[in-house]
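*Asks:* Below you'll find the structure I mean.
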Amino acid sequence: MKTPKIASIALAAMSVVGGLSAPAIAQAAVKGHYGGTLRMVASAAAGTLDPQINYTLRFWQILPMFYDGLVGFEKAGGKAAFKIVPDLATSMPKITNSGKTYIFTLRKDIKFSNGQPVTVQAVRHSFVRLFKVLNPNVGTWYDVIAGGRHCVKSPSTCTLPGVAIDPKTNTVTFHLRHPDAEFLDQLAVPFGSILPANTPDKDMGTVYIPGTGAYMVKKYEPSTEMVMVRNPYFRQWSKLAQPKGYPNKIVYRFGLTPNAQVTAVENNQYDWMYNPIPLDRLQQIAAQYKSRLEIHPLLAFWYAPMNTRMKPFNNLDARLAVSYAINRADLVKLFGGPALATPTCQILPPGMAGYKPYCLFTKNPGTKWTAPDMAKAMMYMKKSGMAGQKVTIITQNADPNHAVGIYLQSVLDKLGFNAKVKGISSNLQFTYIQNSNNHVQISVTVWYQDYPAPSDFLKVLFGCTSFHPGSDNSINISAFCNDKIQKQMDAAEILSIKHPKQADKMWTKIDQQITDLAPAAPLFNPKHVDFVSARLHHFVFSGQTYFVPDLAWVH
Amino acid sequence: MSLGFTIVKRLAHMVFVMFGISVLVFLIFFATPGADPAARIAGRNASPQTVALIRKEFGLDKPLPVQYLRMMDRLVIRRDLTSYVNLGEKVVPTIFRAAPVTLSLVFGAAVIWIVFSILVGVLAAAFKDRTLDRLLMILSLIGISIPVFWLGEVVNLVSQGLLHNTWLFSWVPPLGYVPLHRDPALWFKSLVLPWFTLALAFIGIYGRVLRANIVEAMQEDYIRLARAKGLPEAQVLIRHALRCSMIAIFTLFGLDFGALVGGGALLTEVVFGLPGVGYLTYQALTNLDLPMIMATVTYASFFVVSANAMVDILYSVFDPRVRND
């Protein structure tokens, strides 16, 4: 998932806090923490409230409080956050037919926030609706359901025979066209939310659709605020998937600049801020309010995609020269130091399934990046014959992205390219660099996971199927396509259904193969910083959705 | 030429200018690479088929003139145009909800800058070429030169940050807007600092213009007459020189006020977290939200152009010579 950049941060030395920050306390004491109003703030709202359409981290963070899927990610810190648990389904599905059939039994007696019961009809309607409202990923994820391809082509006549229901046994059966290892992940994200059977088949925009979650939306005005209150029909059926939630009310205010947000949280006028802390404020905040900062690693990486179909980076040696020459320690400094980023020279981030430390582009190749190897870089450069070529690096016009670009310019110049940096609006850059019509040679960008699967990095970013010439929607920015690797990725996906451990080993190999071909220069893995008010306790950080608002104590 | 004709001419002029501005904004948007609304609405990693369907559903596959007409129809006539970013958010009601915030900000600031600029202008003119005059003019120049967004950030840094917990600024509420009808006292408190921040540059400009006008007026024959009649100097200054010098100020005021109400107070609104029209414009520009951009630009140009027209019409009411131009 692509989200707005993490701000460049300048922290000298700060220890990394992992998992839960709150002490384990007795159950009785926990009860006292129910109640109060949690106040959150962000610079702007993040678009539609429709869980089947919204594809932003900002709202994926709150949508799980309003909606449930058949399964969901566990609401917890640490590794548990990536675990998929039954939610509206009574248990994990029975998978048969060599991974092509999933059978779920729906829980009984659960109601939507308007009092309607959750039925198998509602489940079926929700999946058909995904196609009818043109969910961003129907053509890339959900078309695996039998009949899905037809629905993508012609949503108005979509019947989706691949979702069969039986009201008598309260079961829902999914028939897939082929086995799909990530199908459960895709059901667990907010797109898989179950909505009432009479929900209109159009984007509901700012109108709240009744959900099954612990909270409901009382008011949503994108230019001012969102007010969330308890859902009167909610009763806790799974503490892991949909806990009761501590605050009685959550107010999300939109419209303060990141700087103003920092000051407001500092003054305890708000409990948590969404936007990254601006560089010039972080040092002060770190010095004054160390105990109110939370730092957590992310499944993400900063990288410089190189266009493998355009001069000079259609030449493997030229790409290798760049990969060897980059001093990743300098980039880590630009991002705020070792507390906030770690150098990397591979695609998969630490913590991801299939991740095995691997670093080729360093002095003394092995598992860890130590220093750039300029001799090797110059050797490849000479071999490429690309010296003197003009290269334009496309960056965002704001730091740290721009600063990284300026640094890359110095590296490219040192290698013998004739490099310049073109910074464009942060809101345009990400779509601009995807479109092959814009002839981007090299750029700087970040990728955050959608769900914890290696294919979300390897296949999405470097698969032949995610390259679409002439489109702003072509996430394979390097335009990299290698048939041999593509076949391995397809095979690994299928293998992971029955033999996830073996598949992970395959992904490790694929990671190394793609890294060796250098369609992109991996730079570093960032960490996430949260700043909270003095009264906020029990801060839970899920690697999947980041800060979990409903588990915070403000009472 | 009759007054009625002048008015009709001005109105036609106004419509033409607004049309030109909206066409220009529309074309610039579509000429921007990476701004394809269909790709943005469809979301990251959407398949080409989904993007194509979205393009069709939103009418983005139609020729540009058709798209323009459809958008203007929904914006001006049907008024049900919705945002491309916050899908489902109707832009016209959103602007109307934001207008009171901008009006509160601009009215308050206007009162402050008029009062203070008269004070500055009169005092400087009265003490012409003396220390007070020099001091006021230097201060005015500083006021004009300080960028409003910087001043706003510094005001926030001091009032919300460094000195927030002292007696000086502990009364300052959190950034944001409180509607007048909900809590008049809080409304006032939350707007005092934004008012002064926005007004400062105008106090500087108006003060300097007023001083120059008064100094010029003091050379006129009617002032000599007033003095000859034996009127006290203060009365000459206030009753005669100031009154005539105010005409230029009100012309300026009409234009500035129109521009600010139309969204020109954008930076002040953003810095102080006031969800007014300027803030909406800022958000729309940063998110490339075409319908909202079109709506705020049309709204802004309406105020600017109508303030211009108003000033012109008033001129022709008072000065028949203008009508013949």
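Residue numbers (UniProt numbering), protein chains in the order written: chain A, 1 to 555; chain B, 1 to 325.
In this text, a Cβ means the ideal position worked out from N, Cα and C, and glycines have one as well.
Given the structure is predicted, the values throughout are model-derived calculations rather than measurements.
Applying the criterion that 16 or more other CB atoms from any shown protein chain within 10 Å of the CB defines a buried residue, is A/T212 buried or exposed?
*Replies:* Numbered from its first residue, the first sequence carries residue 212 of chain A at position 212. A/T212 should be labelled buried.
*Asks:* Check A/F301 in the structure and name its three-state DSSP category.
*Replies:* Counted from its first residue, the first sequence places residue 301 of chain A at position 301. Correct three-state label for A/F301: strand.
*Asks:* Check whether the Cβ of A/K5 lies closer than 8 angstroms to any Cβ atom in chain B.
*Replies:* Position 5 of the first sequence, counted from the start, is the residue given in the question as residue 5 of chain A. A caution first: A/K5 carries a pLDDT of 37, below 50, which makes its placement in the model too unreliable to give a value.
*Asks:* Look at A/A321 and A/A377 and say whether their C-beta atoms are less than 8 angstroms apart.
*Replies:* Position 321 of the first sequence, counted from the start, is the residue given in the question as residue 321 of chain A. Position 377 of the first sequence, counted from the start, is the residue given in the question as residue 377 of chain A. Cβ distance < 8 angstroms, so A/A321 and A/A377 count as in contact.
*Asks:* Can you tell me whether A/W507 is buried or exposed, with buried defined as 16 or more other CB within 10 angstroms of its CB?
*Replies:* What you label residue 507 of chain A is simply residue 507 of the first sequence in a count that begins at 1. Buried, since its Cβ has 16 or more Cβ neighbours within 10 Å.
*Asks:* Looking at A/H175 and A/F541, is the spacing between their C-beta atoms short of 8 angstroms?
*Replies:* Counting from one through the first sequence, the residue named residue 541 of chain A turns up at place 541. Counting from one through the first sequence, the residue named residue 175 of chain A turns up at place 175. No. Outside cutoff.
*Asks:* Could you spell out where the alpha helix (DSSP H) holding A/D413 opens and where it closes?
*Replies:* Counting from 1 along the first sequence, the entry for residue 413 of chain A is found at position 413. First-last of the alpha helix (DSSP H) with A/D413: 401 to 415.
*Asks:* Can you say whether A/A264 is buried or exposed, counting buried as having 16 or more other CB atoms within 10 angstroms of its CB?
*Replies:* Indexing the first sequence from 1 puts residue 264 of chain A at position 264. It counts as buried.
*Asks:* Shorter than 8 angstroms from the beta carbon of B/Y299 to some beta carbon of chain A?
*Replies:* Within the second sequence, residue 299 of chain B is the residue found at index 299, counting from 1. With 8 angstroms as the cut-off, B/Y299 does not count as an interface residue toward chain A.
*Asks:* Three-state secondary structure (DSSP) at A/Y220?
*Replies:* Working through the first sequence from its first residue, we reach residue 220 of chain A at position 220. If DSSP states are grouped into helix, strand and coil, A/Y220 belongs with the strands.
*Asks:* Helix, strand or coil: how does DSSP classify A/K202 here?
*Replies:* Numbered from its first residue, the first sequence carries residue 202 of chain A at position 202. Residue state, collapsed to three classes: coil.
*Asks:* What are the boundary residues of the alpha helix (DSSP H) that includes B/V66?
*Replies:* Looking up residue 66 of chain B in the second sequence gives position 66. From DSSP, the alpha helix (DSSP H) with B/V66 extends over 64 to 72.
*Asks:* Could you give the uninterrupted runs of the beta strand (DSSP E) lying entirely in the segment 303 to 352 of chain A, keeping only those of 3 residues or more?
*Replies:* Qualifying beta strand (DSSP E) stretches, in chain order: 341 to 343.
*Asks:* Work out the CA separation of B/L266 and A/I485 for me, nearest whole Å.
*Replies:* As a position in the first sequence, residue 485 of chain A is number 485, starting the count at 1. As a position in the second sequence, residue 266 of chain B is number 266, starting the count at 1. The alpha-carbon atoms of A/I485 and B/L266 are separated by roughly 51 angstroms.
*Asks:* Would you kindly work out how many angstroms separate the C-alpha atoms of A/T431 and A/T445, rounded to a whole number?
*Replies:* As a position in the first sequence, residue 431 of chain A is number 431, starting the count at 1. As a position in the first sequence, residue 445 of chain A is number 445, starting the count at 1. When rounded, the distance between both Cα atoms is 11 angstroms.
*Asks:* Using DSSP bridges, identify the partner residues of A/I295.
*Replies:* Here residue 295 of chain A is taken as the residue at index 295 of the first sequence, counted from 1. Paired residue(s): A/V529.
*Asks:* Taking 8 angstroms as the cut-off, decide whether the C-beta atoms of A/I209 and A/D330 are in contact.
*Replies:* By 1-based counting over the first sequence, the position of residue 209 of chain A is 209. By 1-based counting over the first sequence, the position of residue 330 of chain A is 330. It is not a contact, given that the beta carbons lie outside the stated cut-off.
*Asks:* Between B/L3 and B/V317, which are expected to be in contact by the criterion C-beta below 8 angstroms, what is the C-beta distance as a whole number of angstroms?
*Replies:* Walking along the second sequence from the start, residue 3 of chain B turns up at place 3. Walking along the second sequence from the start, residue 317 of chain B turns up at place 317. So it is a contact: roughly 7 angstroms between Cβ atoms.
*Asks:* Under 7 angstroms Cβ-Cβ, which residues of chain B neighbour A/Q269?
*Replies:* As a working mapping, residue 269 of chain A is identified with position 269 in the first sequence. Neighbours of A/Q269 on chain B, chain order: P174.
*Asks:* Quick check on B/H13 - is its C-beta less than 8 angstroms from some C-beta in chain A?
*Replies:* Here residue 13 of chain B is taken as the residue at index 13 of the second sequence, counted from 1. Not closer than 8 angstroms to any Cβ of chain A, the Cβ of B/H13 fails to qualify, so no.
*Asks:* Kindly indicate which residue of A/H125, A/P117, A/L106, A/H178 has the alpha-carbon position closest to the one of A/W141.
*Replies:* For the purposes of this step, residue 141 of chain A is identified with residue 141 of the first sequence, where counting begins at 1. Checked all of A/H125, A/P117, A/L106, A/H178; the closest Cα to A/W141 is A/H178.
*Asks:* Mind checking whether A/P349 and A/V554 have CB atoms under 8 angstroms apart?
*Replies:* Here residue 349 of chain A corresponds to residue number 349 of the first sequence, with the count starting at 1. Here residue 554 of chain A corresponds to residue number 554 of the first sequence, with the count starting at 1. Cβ atoms of A/P349 and A/V554: not closer than 8 angstroms.
*Asks:* Quick check on B/I205: does DSSP put it in helix, strand or coil?
*Replies:* The residue labelled residue 205 of chain B in the question sits at position 205 within the second sequence. Helix, per DSSP.
*Asks:* With a threshold of 16 other CB atoms inside 10 Å of the CB of A/T308, please say whether the residue is buried or exposed.
*Replies:* Here the question's residue 308 of chain A lines up with position 308 in the first sequence. Answer is buried; the Cβ neighbour count reaches 16.
*Asks:* So, under 8 angstroms CB-CB, A/I388 and A/S436 are touching, yes? Tell me the CB distance rounded to an integer number of Å.
*Replies:* Against the first sequence, residue 388 of chain A aligns to sequence position 388. Against the first sequence, residue 436 of chain A aligns to sequence position 436. Correcting the residue type first, residue 388 of chain A is Gly in the shown sequence and not Ile. No, A/G388 and A/S436 are not in contact; Cβ-Cβ is about 24 angstroms, not under 8 angstroms.
*Asks:* Just to check my reading of the structure: A/R292 and A/F547 have Cβ atoms closer than 8 angstroms, yes? What is that Cβ distance to the nearest angstrom?
*Replies:* Along the first sequence, one-based indexing puts residue 292 of chain A at 292. Along the first sequence, one-based indexing puts residue 547 of chain A at 547. Not a contact, Cβ separation roughly 13 angstroms.
*Asks:* So for B/L180, helix, strand or coil by DSSP?
*Replies:* Here residue 180 of chain B is taken as the residue at index 180 of the second sequence, counted from 1. Note: B/L180 maps to coil in three-state DSSP.
*Asks:* Less than 8 angstroms between CB atoms is the rule here; does B/Y279 satisfy it with respect to chain A?
*Replies:* For the purposes of this step, residue 279 of chain B is taken as the residue at position 279 of the second sequence. Chain A, which has a Cβ nearer than 8 angstroms to the Cβ of B/Y279, makes this yes.
*Asks:* Determine, for B/H181, whether the minimum Cβ-Cβ distance to residues of chain A falls below 8 angstroms.
*Replies:* The residue given as residue 181 of chain B occupies position 181 in the second sequence. So, not an interface residue.
*Asks:* So A/E422 is in the alpha helix (DSSP H); what residue range does that whole segment cover?
*Replies:* Mapped onto the first sequence, residue 422 of chain A falls at position 422. In the sequence under discussion, the amino acid at residue 422 of chain A is Lys, which differs from the Glu named in the question. Unbroken run through A/K422 is the beta strand (DSSP E), 418 to 424; no alpha helix (DSSP H).
*Asks:* Label B/V115 either buried or exposed according to how many other C-beta atoms from any shown protein chain fall within 10 Å of its C-beta, with 16 as the threshold for buried.
*Replies:* One-based indexing of the second sequence puts residue 115 of chain B at position 115. Per the 10 Å Cβ criterion, exposed.
*Asks:* Please list the residues of the segment 203 to 237 of chain B that have a C-beta atom closer than 8 angstroms to any C-beta atom in chain A, keeping them in chain order.
*Replies:* Cβ contacts with chain A: none found.
*Asks:* Can a CB atom of chain B be found closer than 8 angstroms to the CB of A/D203?
*Replies:* Along the first sequence, read from residue 1 onward, the residue named residue 203 of chain A stands at position 203. Yes, A/D203 lies at the interface with chain B (some Cβ there is under 8 angstroms from its Cβ).
*Asks:* Flag A/E182 as yes if its beta-carbon sits less than 8 angstroms from any beta-carbon of chain B, otherwise no.
*Replies:* For the purposes of this step, residue 182 of chain A is taken as residue 182 along the first sequence, with counting starting at 1. Cβ-Cβ to chain B under 8 angstroms: no for A/E182.
*Asks:* Can you find the residues in the same chain that come closer than 7 angstroms, C-beta to C-beta, to residue 326 of chain B, ignoring five residues on each side of it along the sequence?
*Replies:* Residue 326 of chain B lies beyond the stretch modelled for chain B, which goes from 1 to 325, so this question has no answer here.
*Asks:* I want to verify the contact list: residues of chain B whose CB lies under 7 angstroms from the CB of A/D472, in sequence order.
*Replies:* Position 472 of the first sequence, counted from the first residue, corresponds to residue 472 of chain A. Those within 7 angstroms of A/D472 in chain B are G34, D36, A39.
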